[in-house]
Structure formats: C-alpha cells, structure tokens
Amino acid sequence: MPLGGVIFITIFIATFGVILIYLARWTGGRAKKTSQAKMDIYECGIPAEEKKDTKISVKFYLTAILFILFDIEVIFMYPWAVNFRHFISTGAGPFVFGSMFIFLAVFIFGLWWEIKSKALEWD
1 MPLGGVIFIT
11 IFIATFGVIL
21 IYLARWTGGR
31 AKKTSQAKMD
41 IYECGIPAEE
51 KKDTKISVKF
61 YLTAILFILF
71 DIEVIFMYPW
81 AVNFRHFIST
91 GAGPFVFGSM
101 FIFLAVFIFG
111 LWWEIKSKAL
121 EWD
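Take 1 as the starting number for the sequence shown in my numbering and just add one per residue.
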C-alpha cells in the first residue's frame with residue numbers, strides 16, 4: 001500500500017471518529033443536575049456504604065493490564081509463525097525474522113523490567 005493510502009486511511013479514521021463523538025454528544029445531550037438524589041449512586045435500592053476492606057488492590061489491575069499486553073503479543077506472533085514459510089519462499093524471510101526479533105526483544109525487555117521492578121509479586 002503506498003504512503004498516500006496510509007495517510008488517507010489515517011485521516012478518514014480520525015475524521016470518522018470525531019464525527020461519531022460529536023454525533024453522540026449532539027443526540028445524547030447532557031445530564032441535568034435536577035436533584036442530589038438523581039446524582040447519587042443507585043445499587044438495588046440500598047444506600048451505598050463504603051467499606052474499608054472491599055477495596056481492590058492496584059496490583060490486581062496491574063496484573064490484568066500485563067496479561068492483556070502479553071496476550072496481544074501472542075496474537076501478533078500467530079500470523080507471523082503461520083506465514084513465515086511463505087516469507088522465506090518470497091525472499092523476505094531475513095527481513096521478517098529480523099523485525100519479529102526486534103518485536104520480541106522489546107517485549108522480553110518489558111518482561112525483564114517487570115520482574116526487576118517486582119510488579120508481578122503480591123507481597
């Protein structure tokens with residue numbers, strides 16, 4: 001795909017996104033603050049009570065984000081592994097292997113950094 005096509009798609013996606021945001025804002029309107037009862041949190045008719053022992057640890061969220069990040073890495077590796085023989089037969093094998101090596105090096109460095117900073121420990 002030539003560079004003009006990439007620029008066109010980028011501009012089209014950005015324009016379409018902005019149009020959708022303004023369309024949603026125009027059709028949805030804004031919430032009106034008519035009373036405090038309307039702005040309160042509603043949970044099955046029971047008034048919300050904040051308990052000190054029900055807070056979720058930040059490490060849970062960090063682990064979830066790291067799982068998603070490395071899951072996406074595996075998703076990118078499947079098509080590469082399936083099509084690698086085709087790349088070798090067309091002569092692009094060393095280039096594709098090098099680019100995947102750089103991709104993996106960045107993620108292996110990220111994993112090393114997480115282990116070093118103890119982001120995966122729950123102590």
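Every residue, glycine too, gets a C-beta built ideally from N, C-alpha and C. If you're wondering where the values come from, they're calculated on a predicted model, not measured in any experiment.
*What number of angstroms, rounded off, separates the C-alpha of Val58 from the C-alpha of Leu66?*
12 Å
*Output the distance between the C-alpha atoms of Met77 and Leu20, rounded to the nearest integer angstrom.*
33 Å
*Can you tell me where the alpha helix (DSSP H) with Ile105 in it begins and where it stops?*
Note that residue 105 corresponds to Ala in the displayed sequence, not to Ile. Unbroken alpha helix (DSSP H) run through Ala105: Gly93 to Lys116.
_What does the alpha-carbon distance come out to for the pair Trp113 and Ser35?_
49 Å
*Can you round the beta-carbon distance between Phe107 and Glu73 to whole angstroms, since I take them to be within the 8 Å contact cut?*
5 Å
*Distance, Cα to Cα, Leu69 vs Tyr22?*
31 Å
*asked:* Taking the straight line between their C-alpha atoms, what separation do you get for Thr90 and Ala119?
replied: 42 Å
_Going by DSSP, what residue range makes up the alpha helix (DSSP H) through Thr10?_
Leu3 to Gly28
_Whole-angstrom distance between Ile115 and Thr15, CA atom to CA atom_ = 41 Å
*State the CB to CB distance for the pair Val96 and Phe87, rounded to an integer number of angstroms; the pair is presumed to be in contact (CB under 8 Å).*
4 Å
*What is the DSSP secondary structure of Trp80, reduced to helix, strand or coil?*
helix
*asked:* Once the 5 residues before and after Thr27 are set aside, which same chain residues still bring their CB inside 7 Å of it?
replied: none
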